[in-house]
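Peer 1: Before I ask anything, let me first share the structure, which is written out below as structure tokens.
2 protein chains.
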Amino acid sequence: MIDIKEQLLVNGDRLWSTIERSGEIGLGRTTGLCRLALTDADKEMRDVFMQWCKEAGCSVTVDQVGNIFARHAGADDSLAPVVIGSHLDTQVAGGKYDGILGVLAGLEVVRTLNDNKTETQRPIEVVCWTNEEGARFNPSMIASGAFSGIYDVDWVHDQKDDDGIRFGDELKRIGYDGDTPVGGRTLDSYFELHIEQGPLLEAEGIDVGFVIGGFKTYGMNIDVRGECAHSGPTPMDKRKNALIGASMLAVEVNDIGWRYHPDGRSTVPRMQVWPNKAGILPEWVQITVDFRHPDPAAAKKMVEELKQAMPKCCERANVEMEIVQSWEFGDEVFDSDLLDTMCDAAGKLNIPHKEMMSLAGHDAYYISLVAPTALIFSPCKDGITHNEAEHIEPEYTLPSVNVLLNAVIERANRIDS
Amino acid sequence: MIDIKEQLLVNGDRLWSTIERSGEIGLGRTTGLCRLALTDADKEMRDVFMQWCKEAGCSVTVDQVGNIFARHAGADDSLAPVVIGSHLDTQVAGGKYDGILGVLAGLEVVRTLNDNKTETQRPIEVVCWTNEEGARFNPSMIASGAFSGIYDVDWVHDQKDDDGIRFGDELKRIGYDGDTPVGGRTLDSYFELHIEQGPLLEAEGIDVGFVIGGFKTYGMNIDVRGECAHSGPTPMDKRKNALIGASMLAVEVNDIGWRYHPDGRSTVPRMQVWPNKAGILPEWVQITVDFRHPDPAAAKKMVEELKQAMPKCCERANVEMEIVQSWEFGDEVFDSDLLDTMCDAAGKLNIPHKEMMSLAGHDAYYISLVAPTALIFSPCKDGITHNEAEHIEPEYTLPSVNVLLNAVIERANRIDS
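Here you go:
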């Protein structure tokens, strides 16, 4: 076992210039990014990331759903790797840090090991998961889900964006349809560093959060079916306006969230309408809803209330509704050994830290099903995220990257685990 | 004055084969059409129509908003013309007859005059108005509106479809940016034959309806503004979900319609959502609404109720709303002389007819502002329209075309009007 005498520190300027370079690819409307999965911008970012990884001496593989693994060899390269990562795709009006920080911090860990000519026993891999946001292809975290066996590879390939374009076709088009099988191998551990996407760390002046659990989340797509008719001659009692049914349901979903306030929350982020033209009653609407609550039983009750509201809305709007797709996450368990390792690293670095809950979905949730997993939060300004105004500062962020670095080194040198 | 000894009759088979040829251009999903204004399909239909008109000996001009006028010369070609027409564009899931019947019946009138070597004193023009449906460019009846001076030509050119493509650019692209000035000339009269888009004529077994008035219609686009945020961490009381505000307003609009049932009706045909992606609260929604009532005062009250509901929805959803565009029609007056002429023609042909109200918008509404106007209805199956199942039969329809023919001849030979 290699003896690390002291805590290492990352090169903050280098990490920041790397993040800033990423922030130039797929510009949004104002200060943020619009880098949807498997678009040209995503390809450009992936190409740059691949180049960086190769320059850092990593061997790079791409799996069949486009997940990129950059491997820094271990002293015993036959050992299961310690994996660090997150995602490089963003929302339509996304920030420059959500997901991106976790991937590029992983790269910075490798670069720091190189700087210090430090070899770990285990290999270290930096991973970029495809389409975490779900902003282009639904559901979110689709490729880490495939890695952990939740989704079948062919099913992932068949998912379509709002223009009807297949995930598999876009993956091939941008040249990231790798041949490595998805998942099915042992990871020693998985570390994901992410911005908090909430205001707590900043408000309390704490540099690092260790996530001990998530909000239980239930999401679903619901089809509402009515009938096209002319908005003039058709009297109210002959109408089957799918958009009215969907609107009634959206209001119900919102009311459910308020009944579980402040812990619970419910969202209608999306409504697809067809034909969506003046003068004609819409025939079809697909409405996306999600419910989140720290208490899984309460989250489940929120879904039950939705299911009770649906027939009422159907009757009132004279339409039909059907849940056509559903997903859930958030009651996965993070690893206590990794938590200890991270606390130890933070202690040695004298960095203030706390345990906390995650309110958003993360690739770490799915990976926790197949490997010991740690999720680390660093503060973000005012908790703003999924908004171009999302912002972080080096002094807010570097403490968490240094904790990540030292916890990863500690773990990568443990061969008895 | 030329003396017409007897009532002429159109060639029903020829008219029907013409309508069927039109029904092959811009096929919909099932049995109907999707021939949106200024698309390739619309261009193809216009090209075919221009060819037919030329073959019928007409001189054809196109004005600056793409309205096509095919002129059959009169004995005294300096007299103001009798104009017959409607539109050739359709809804996204439209039928093969809505609008189309009126244009092609006009062509059949000219062809019948040719068959009979009949010359009228006044010239007769067949017109195709651009973008009547409003299915691609809002508002509907935009080009007949421009002809009657409601809309400025440059403003019409600047209207954009849902993909941000300008009316003026599409008009040029398909080669229908004519150089004839829009409107500004005297029409002797305007006749529009249209399917009823309601069930009354069919139910009562009456072949022809003469429209004596319309439902007063108020339409508007309302912008709802919220703020993008993550659907997980953002608690209910920090949210500004534009889609929830819009949904609340949609439900209110629907409730208003029910309060005025059975005479009044209210519709939400359309909602544009941005960014409309899973995981993110929508920042902007544009909702289209329309209110219709045979009593103009009641229609106005419906709009007042909407305006009262808006602040309530804004407060409840923590968003802002603004009416960004509005339009109205439906209290125009149809011409009593033309009504007499049509009744007389129907009487001589022994065709059952009745006076009735129109519930839909028609180009005739706007043209009635600048010329004596008649709107004629013929039955359609089950009143179904703006739906691919829209259907008519020759035996239902030809009586109204023959009334049109003979009323037009009568009018085109009146030079004292």
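Taken in sequence, the protein lines are chains A and B. Residues 173 to 589 (the working numbering) are what the first sequence spells out, left to right. Residues 173 to 589 (the working numbering) are what the second sequence spells out, left to right. Quick reminder that beta carbons are idealized off the backbone N, C-alpha and C, glycines included.
Helix or strand or just coil, what does DSSP make of Y348(A)?
Peer 2: Your numbering for residue 348(A) matches position 176 in the first sequence. If DSSP states are grouped into helix, strand and coil, Y348(A) belongs with coil.
Peer 1: Can you tell me the Cβ-Cβ gap for W274(A) and G204(A), rounded? I've got them flagged as a contact below 8 Å.
Peer 2: The sequence position of residue 274(A) within the first sequence is 102, counting from 1. The sequence position of residue 204(A) within the first sequence is 32, counting from 1. Going by the sequence as given, residue 274(A) is Gly instead of Trp. No, G274(A) and G204(A) are not in contact; Cβ-Cβ is about 17 Å, not under 8 Å.
Peer 1: So N448(A) is in the beta strand (DSSP E); what residue range does that whole segment cover?
Peer 2: To locate residue 448(A), count along the first sequence from 1; it is residue 276. N448(A) -> no beta strand (DSSP E), and no H or E assigned at all.
Peer 1: For M173(B), which residues of its own chain have a beta-carbon under 8 Å away from its beta-carbon, when the five flanking residues on both sides are left out?
Peer 2: Taking the second sequence and counting its residues from 1, the one referred to as residue 173(B) is at position 1. Unreliable placement is indicated for M173(B), whose pLDDT of 32 sits below 50; no coordinate value is reported for it.
Peer 1: Is the shortest distance between the beta-carbon of A532(A) and the beta-carbons of chain B less than 7 Å?
Peer 2: Stepping through the first sequence from its first residue, residue 532(A) is reached at position 360. It does: the Cβ of A532(A) has a partner Cβ on chain B nearer than 7 Å.
Peer 1: Short of 8 Å in beta carbon distance, which residues of its chain neighbour D347(A), apart from the five on each side in sequence? Order them along the chain.
Peer 2: Here residue 347(A) is taken as the residue at index 175 of the first sequence, counted from 1. Here residue 347(A) is Gly; the residue named in the question, Asp, does not match the sequence. Excluding positions up to five away in sequence, the list reads K215.
Peer 1: Does DSSP classify S438(A) as helix, strand or coil?
Peer 2: Along the first sequence, one-based indexing puts residue 438(A) at 266. Looking at S438(A) - three-state DSSP - the assignment turns out to be strand.
Peer 1: Mind pulling the chain A residues with CB within less than 8 Å of L205(B)?
Peer 2: If you number the second sequence from 1, residue 205(B) lands on position 33. Per Cβ cutoff of 8 Å: no residues; L205(B) is ~13 Å from chain A at best.
Peer 1: Could you name the residues of chain A that H465(B) contacts, counting a contact when the two beta carbons are closer than 7 Å?
Peer 2: Within the second sequence, residue 465(B) is the residue found at index 293, counting from 1. Within 7 Å Cβ-Cβ: nothing; H465(B) doesn't reach chain A, min ~11 Å.
Peer 1: Between D330(A), D503(A), E178(A) and E297(A), which lies nearest to D249(A) when the distance is taken from Cα to Cα?
Peer 2: Taking the first sequence and counting its residues from 1, the one referred to as residue 249(A) is at position 77. Checking every option, the nearest Cα to that of D249(A) belongs to E297(A).
Peer 1: Hey, out of I581(B), P566(B) and E487(B), whose CA is closest to G184(B)'s CA?
Peer 2: Numbered from 1 along the second sequence, position 12 holds the residue referred to as residue 184(B). Checking every option, the nearest Cα to that of G184(B) belongs to P566(B).
Peer 1: Which residues does DSSP pair with I394(B) in a beta bridge?
Peer 2: Translated into positions along the second sequence, residue 394(B) becomes position 222. Answer is I459(B) and I495(B).
Peer 1: Which class does S508(A) belong to by DSSP, given the choice of helix, strand or coil?
Peer 2: Here residue 508(A) refers to the residue found at position 336 when the first sequence is read from its first residue. Note: S508(A) maps to helix in three-state DSSP.
Peer 1: C552(B) and H534(B) look like a contact to me (Cβ under 8 Å); what is the Cβ gap, rounded to whole Å?
Peer 2: Here residue 552(B) corresponds to residue number 380 of the second sequence, with the count starting at 1. Here residue 534(B) corresponds to residue number 362 of the second sequence, with the count starting at 1. C552(B) to H534(B), Cβ: 14 Å. No contact.
Peer 1: Go through its chain and collect everything with a Cβ distance to E342(A)'s Cβ below 7 Å, but skip five positions before and after it.
Peer 2: Working through the first sequence from its first residue, we reach residue 342(A) at position 170. Cβ neighbours of E342(A) beyond the five flanking positions: L210.
Peer 1: Consult DSSP for H558(A) and reduce its assignment to one of helix, strand or coil.
Peer 2: The residue labelled residue 558(A) in the question sits at position 386 within the first sequence. In the structure shown, H558(A) sits in coil (DSSP, three-state: anything other than H, G, I, E or B).
Peer 1: Find the residues of chain B that neighbour M408(A), judging by a C-beta separation of less than 9 Å, and give them in chain order.
Peer 2: Position 236 of the first sequence holds residue 408(A). Under the 9 Å cutoff, chain B gives N426, G429, W430, Y432, H433, P434, G436, R437 and S438.
Peer 1: For a cutoff of 7 Å on Cβ pairs, would you count P483(A) as touching chain B?
Peer 2: For the purposes of this step, residue 483(A) is identified with residue 311 of the first sequence, where counting begins at 1. Cβ-Cβ to chain B under 7 Å: no for P483(A).
Peer 1: For Y394(A), which residues in chain B fall below 9 Å Cβ to Cβ?
Peer 2: Against the first sequence, residue 394(A) aligns to sequence position 222. Position check: residue 394(A) holds Ile in this sequence, whereas Tyr was assumed. Result: empty, since nearest Cβ-Cβ is about 13 Å, beyond 9 Å.
Peer 1: Out of curiosity, what's the CA-to-CA distance linking D326(B) and Y568(B)?
Peer 2: Position 154 of the second sequence holds residue 326(B). Position 396 of the second sequence holds residue 568(B). One C-alpha to the other measures close to 41 Å.
Peer 1: Would you call the region 456-465 of chain A and the region 432-447 of chain A in contact, with 3 or more CB pairs under 8 Å?
Peer 2: These segments touch.
Peer 1: Give the DSSP-derived three-state secondary structure of M443(B) in the structure shown.
Peer 2: Residue 443(B) sits at position 271 when you count from the first residue of the second sequence. M443(B): strand per DSSP, three-state reduction.
Peer 1: Determine the DSSP secondary structure at H329(A), reduced to helix, strand or coil.
Peer 2: For the purposes of this step, residue 329(A) is taken as the residue at position 157 of the first sequence. Looking at H329(A) - three-state DSSP - the assignment turns out to be helix.
Peer 1: Of all the options D333(B), Y362(B), D261(B) and S572(B), which has the alpha carbon lying nearest to the alpha carbon of T302(B)?
Peer 2: Start at 1 with the first residue of the second sequence, and residue 302(B) comes out as number 130. Checking every option, the nearest Cα to that of T302(B) belongs to D261(B).
Peer 1: Just the C-alpha distance for D590(B) and V354(B), rounded to the nearest angstrom, thanks.
Peer 2: In the structure displayed, chain B extends from 173 to 589; residue 590(B) sits before or after that span and is not available.
Peer 1: Contact criterion: CB-CB distance below 7 Å. Does G381(B) meet it with respect to chain A?
Peer 2: Here the question's residue 381(B) lines up with position 209 in the second sequence. So no, G381(B) is outside the interface.
Peer 1: Pick out whichever of P295(A), I197(A), G381(A) and K472(A) has its Cα sitting closest to the Cα of S572(A).
Peer 2: Residue 572(A) sits at position 400 when you count from the first residue of the first sequence. Here the closest residue by C-alpha is G381(A).
Peer 1: Checking 7 Å against the spacing of the C-beta atoms, do T389(A) and G502(A) come in under that value?
Peer 2: The residue given as residue 389(A) occupies position 217 in the first sequence. The residue given as residue 502(A) occupies position 330 in the first sequence. Result yes, Cβ atoms of T389(A) and G502(A) sit closer than 7 Å.
Peer 1: So that I know if they touch, is there some Cβ in chain A lying closer than 7 Å to that of G306(B)?
Peer 2: Here the question's residue 306(B) lines up with position 134 in the second sequence. Chain A contact via Cβ: present.
Peer 1: Helix, strand or coil: which one does DSSP assign to F549(B)?
Peer 2: Walking along the second sequence from the start, residue 549(B) turns up at place 377. It is a strand residue.
Peer 1: Could you have a look at V234(B) and say whether DSSP puts it in helix, strand or coil?
Peer 2: Sequence index remark: in the second sequence, residue 234(B) carries index 62 (1-based). Note: V234(B) maps to strand in three-state DSSP.
Peer 1: Out of I548(B), Y323(B), I240(B) and D507(B), which has the shortest C-alpha to C-alpha gap to H525(B)?
Peer 2: By 1-based counting over the second sequence, the position of residue 525(B) is 353. Cα-wise, what sits closest to H525(B) is I548(B).
Peer 1: Thinking Q369(A) and G555(A) are a contact (beta carbons under 8 Å), I'd like their distance in whole angstroms, please.
Peer 2: Taking the first sequence and counting its residues from 1, the one referred to as residue 369(A) is at position 197. Taking the first sequence and counting its residues from 1, the one referred to as residue 555(A) is at position 383. Their Cβ separation, rounded to whole angstroms, is 7 Å, which keeps Q369(A) and G555(A) in contact under 8 Å.
Peer 1: Does the beta-carbon of N574(A), which I'm using as the reference point, lie nearer than 6 Å to any heavy atom of the ligand FMN?
Peer 2: Here there are no bound small molecules, and the ligand FMN is not part of this structure.
Peer 1: Using a Cβ-Cβ distance under 7 Å, would V445(B) count as near chain D?
Peer 2: No chain D is present in this structure, whose protein chains are A and B.
Peer 1: What whole-angstrom Cβ distance do G238(B) and D349(B) have, given they're in contact under 8 Å?
Peer 2: To locate residue 238(B), count along the second sequence from 1; it is residue 66. To locate residue 349(B), count along the second sequence from 1; it is residue 177. With a Cβ gap of about 7 Å, G238(B) and D349(B) count as contacting.
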